[in-house]
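Okay, so here's the structure we're looking at.
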Amino acid sequence: MTQSSPSDRPLIERLSPNFDDRRAPISMIVLHYTGMRDGPSAIDWMASAESNVSAHYVVAEDGQVTLMVPEEQRAWHAGLAHWRGISDVNSASVGIEIVNPGHEFGYVPFPDEQIAAVIDLVGQIKGRYGIGRGDIVGHSDVAPMRKKDPGELFPWEALASRRLALPRPRKKLMDPMWSDAGFVLALERFGYDVTDSFAAVVAFQRRFRPELIDGTIDGECRAILLALLLPRPEPHYDPIP
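Numbering-wise (UniProt numbering), the sequence shown opens with residue 1 and increments by one.
Dropping the structure here:
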């Protein structure tokens, strides 16, 4: 398999010892932020055997991409995670770490150069494996009880406009008036682990309604989720797999 850099910069290799064999075909992409003070520290940590963590790629603020684990191997990026019936997310996914200090060290917006590189990289991987837009997700989507990344500042719409992620529904939406329990059941149908229903609602809001993340199931949340679950007849949309 040929892997190329998503920009004019040559792809850097800094291989991590933290990987093993996949036990499932690749069907997902999981986006993270590094959540450390700087990019070199994050790369050094994932390159260390003592960390027991890794990712396939790291994207720096200037768009430089570092390969840490070949795609055919199982990187250790998702931890205890679940998405659409998949409980071994590491086996089924390609993990991309995006350099950002995260909520712990001063969360900041992602630079345009970095997002451009992420878009190119995600596009390459999506094309290689035929990954559906509904399976290009954040770490917080697959591990809502533990994780916040890539966070509410991540520009998902920049990916969605290029058919690389699901867009937030923007039409005037109908509130289905589900009970809270009905909303949680629908959220599980969409793909989330709802073991902790509050955490799952927060993760959904962080992804699809980031301007208000309070864990409260309101009419806007219900309408957004209904729109995401409905078939999309418009020819410019892919059906949600």
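Just so you know, even glycine gets a beta-carbon here, dropped at the ideal spot from N, CA and C.
Spatial neighbours of residue i within its chain, please: C-beta separation below 6 Å, excluding the five flanking residues on both sides.
i: leucine 31; result: Ile96, Gly138 and Pro150
i: isoleucine 240; result: At isoleucine 240, the pLDDT of 44 sits below 50, so the modelled position is not reliable; the number obtained from the coordinates is stated separately. Hits under 6 Å: Gly134.
i: serine 5; result: With a pLDDT of only 49 at serine 5, under 50, the local geometry of the prediction cannot be trusted, and the value read off the model is given with reservation. Leu11 and Val65, listed in sequence order.
i: glutamine 205; result: Ile213
i: residue 289; result: Here the chain comprises residues numbered 1 to 241, so residue 289 is not present and cannot be evaluated.
i: phenylalanine 105; result: Arg37
With distances taken from CA atoms, which of the options is nearest residue i?
i: glutamate 71; options: Trp156, Ser16, Ile43 and Gln64; result: Ser16
i: alanine 75; options: Pro155, His82 and Ala47; result: Ala47
i: alanine 60; options: Asp112, Asp21 and Ala227; result: Asp112
i: glycine 127; options: Ser27, Arg222 and Gly85; result: Ser27
i: valine 142; options: Glu13, Glu188 and Ser51; result: Glu188
i: leucine 153; options: His77, Tyr107 and Ser161; result: Tyr107
i: residue 254; options: Phe19, Arg84 and Pro210; result: This structure gives no information on residue 254, because the portion of the chain shown stretches from 1 to 241.
i: aspartate 21; options: Asp88, Val194 and Leu228; result: Asp88
Taking the Cβ atom as the reference point for each residue, do residue i and residue j lie within a distance shorter than 9 Å?
i: valine 184; j: leucine 159; result: no
i: phenylalanine 208; j: arginine 168; result: yes
i: aspartate 62; j: glutamine 114; result: yes
i: leucine 225; j: alanine 186; result: yes
i: glycine 35; j: glycine 102; result: yes
Please classify residue i: is it buried, with 16 or more other beta-carbons within 10 angstroms of its beta-carbon, or exposed?
i: proline 10; result: exposed
i: alanine 49; result: exposed
i: histidine 236; result: Unreliable placement is indicated for histidine 236, whose pLDDT of 41 sits below 50; the coordinate value is still reported in the next sentence. Exposed is the call here.
i: glutamate 234; result: Any reading at glutamate 234 must be qualified, since the residue scores a pLDDT of 42, below 50, and its modelled position is unreliable; the value itself is stated next. Flag for glutamate 234 reads exposed.
i: proline 25; result: exposed
i: aspartate 196; result: exposed
i: arginine 222; result: buried
i: methionine 68; result: buried
i: arginine 37; result: exposed
i: arginine 23; result: exposed
i: leucine 121; result: buried
For residue i, which residues of its own chain have a beta-carbon under 7 Å away from its beta-carbon, when the five flanking residues on both sides are left out?
i: isoleucine 217; result: Asp180, Phe183 and Val201
i: phenylalanine 198; result: Gly215
i: alanine 203; result: Ser140, Asp141, Pro144 and Tyr192
i: tryptophan 178; result: Ala186 and Arg222
Only counting the same chain, and skipping five residues up and downstream in sequence, which positions put a Cβ closer than 8 Å to that of residue i?
i: aspartate 238; result: Any answer about aspartate 238 is weak, because its pLDDT of 47 lies below 50 and its placement is not dependable; what the coordinates show is given next. Within the same chain, aspartate 238 has close Cβ partners Gly132, Arg133, Arg163 and Arg232.
i: threonine 2; result: Low local confidence applies: a pLDDT of 37 at threonine 2 is under 50, so the model's placement there is unreliable, with the coordinate-based value given in what follows. There are no such residues.
i: asparagine 52; result: Asn18 and Trp76
Cβ contact check for the segment 81-99 and the segment 37-56: 3 or more pairs under 8 Å: Yes, since at least three Cβ pairs between the segment 81-99 and the segment 37-56 fall closer than 8 Å, the two stretches touch.
Contact between the segment 22-40 and the segment 97-109 is defined here as three or more beta-carbon pairs at a separation below 8 Å; is this criterion met? A contact between stretches requires three or more CB pairs, one per stretch, nearer than 8 Å, and the segment 22-40 meets this requirement with the segment 97-109.
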